[in-house]
Amino acid sequence: GQQVMQIPQYQHVQEGEDFTTYCNSSTTLSNIQWYKQRPGGHPVFLIQLVKSGEVKKQKRLTFQFGEAKKNSSLHITATQTTDVGTYFCAGFGGNYGQNFVFGPGTRLSVLP
Amino acid sequence: ETGVTQSPTHLIKTRGQQVTLRCSSQSGHNTVSWYQQALGQGPQFIFQYYREEENGRGNFPPRFSGLQFPNYSSELNVNALELDDSALYLCASSLRSPGAYEQYFGPGTRLTVT
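These protein sequences, in sequence, are chains V and E. The first sequence begins at 8 in the working numbering and counts up by one. The second sequence begins at 88 in the working numbering and counts up by one.
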């Protein structure tokens, strides 16, 4: 079955440093979503990518979908303490009755 | 806030018991998905309901069952609880249309099985 992997598992950065998390799927995806989960909270939808090679930006966050639609990345520029949390990618195969398969997440700590 | 609500917030049950968790979806959403999130892991898909029919199921045994009601709210039932069922149970609502599966999660129900 479809598997989604993320690296790194943990990342500790100093406030102001950049951060990148990578997501890889074992199969070609129809689309991919990114979520952020704060400690003790629930996943919050950030963005969805659909097209091959697509790049989307949200302020300091840049999301990219690979050309082969099997990988994706999230890059945060100049991290802030408010960026703390776990970032999950979730891949969708596109077939009826399927659902998103979540990666294990990357936990980001930002030191002030 | 997403408008997705879940009840109860926390629950403690004994091994072998049965539990029912509830979810009210966001207004206008006709699809509800249930996920199990163990500590330190990503959400694992249990099943999805679309217009009151089960529409996809993850790798969970039949003792995990669900319902969706005409107002699109939903229930997750777990029979014969096991210790490994201890987790955060999340529901997510979405508007099911081609290529538009943005999911909005509720706050979750923390289930502890002793």
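Positions of the beta carbon are idealized from the N, C-alpha and C atoms, including for glycine.
Per-residue DSSP class, three states only, for residue i
| i | result |
| --- | --- |
| T34 of chain V | coil |
| T84 of chain V | coil |
| Q71 of chain V | strand |
| S170 of chain E | Note on residue identity: the sequence assigns Leu, not Ser, to residue 170 of chain E. It is helical. |
| V201 of chain E | Correcting the residue identity first, residue 201 of chain E is Thr in this sequence and not Val. Residue state, collapsed to three classes: coil. |
| T27 of chain V | strand |
| T118 of chain E | strand |
| G48 of chain V | coil |
| T255 of chain E | What is shown of chain E runs 88 to 201, which leaves residue 255 of chain E out entirely. |
Distance between residue j and residue i (C-alpha atoms, nearest Å)
| i | j | result |
| --- | --- | --- |
| G143 of chain E | F70 of chain V | 28 Å |
| A75 of chain V | K58 of chain V | 10 Å |
| T118 of chain E | G90 of chain E | 14 Å |
| G110 of chain V | Q9 of chain V | 11 Å |
| L108 of chain E | I133 of chain E | 13 Å |
| P185 of chain E | P119 of chain V | With a pLDDT of only 49 at P185 of chain E, under 50, the local geometry of the prediction cannot be trusted, and no value is derived from it. |
| L81 of chain V | Q44 of chain V | 14 Å |
| V117 of chain V | L68 of chain V | 15 Å |
| K66 of chain V | P95 of chain E | 36 Å |
| P46 of chain V | R138 of chain E | 33 Å |
| T196 of chain E | T113 of chain V | 23 Å |
| S161 of chain E | G23 of chain V | 43 Å |
| P157 of chain E | A85 of chain V | 47 Å |
Same chain, Cβ closer than 8 Å to residue i, neighbours up to 5 away in sequence not counted
| i | result |
| --- | --- |
| Q105 of chain E | N164, V165, N166, A167, L168 |
Contacting residues, own chain, Cβ-Cβ under 7 Å from residue i (five flanking each side not counted)
| i | result |
| --- | --- |
| S56 of chain E | An answer regarding residue 56 of chain E cannot be provided, because it is not within the stretch 88 to 201 covered by chain E. |
| L170 of chain E | R102, V200 |
| G115 of chain E | L182 |
| Q155 of chain E | V119, Y136, E139, S161 |
Nearest-angstrom Cβ-Cβ length linking residue i and residue j, presumed shorter than 8 Å
| i | j | result |
| --- | --- | --- |
| L177 of chain E | P130 of chain E | 6 Å |
| F26 of chain V | Q16 of chain V | Actually they do not touch by this definition, with Cβ atoms about 13 Å apart. |
| G193 of chain E | Q93 of chain E | 4 Å |
| Y191 of chain E | Q113 of chain E | 5 Å |
| T28 of chain V | Q40 of chain V | In fact, because the Cβ distance is near 14 Å, the residues do not count as touching under 8 Å. |
Nonlocal neighbours in the same chain, by C-beta distance under 6 Å from residue i, ignoring five residues either side
| i | result |
| --- | --- |
| K77 of chain V | S32, T35 |
| F107 of chain V | A97, F99 |
| V62 of chain V | Q71 |
Contact with chain C by residue i, beta-carbon distance below 8 Å
| i | result |
| --- | --- |
| Q190 of chain E | Considering every chain present, this structure includes no chain C. Its protein chains are V and E. |
Please identify, using Cβ separations under 8 Å, the residues of the region 47-67 of chain V that lie next to chain E, in order along the chain.
Using a CB distance below 8 Å, the part of the region 47-67 of chain V facing chain E consists of G48, H49, P50, V51, F52, Q55, V57, ordered along the chain.
For the region 150-184 of chain E, which residues have a CB atom closer than 9 Å to at least one CB atom of chain V, in sequence order?
Going along the region 150-184 of chain E in chain order, one finds L175, L177, A179 with a Cβ nearer than 9 Å to chain V.
At a CB distance below 7 Å, what residues from the region 16-32 of chain V approach chain E? Give them in sequence order.
Identification of residues in the region 16-32 of chain V having a C-beta nearer than 7 Å to some C-beta of chain E yields an empty set.
Identify each residue in the region 108-134 of chain E for which the Cβ-Cβ distance to at least one residue of chain V is less than 7 Å, and report them in chain order.
Cβ contacts with chain V: S120, Q128, G129, P130, F132.
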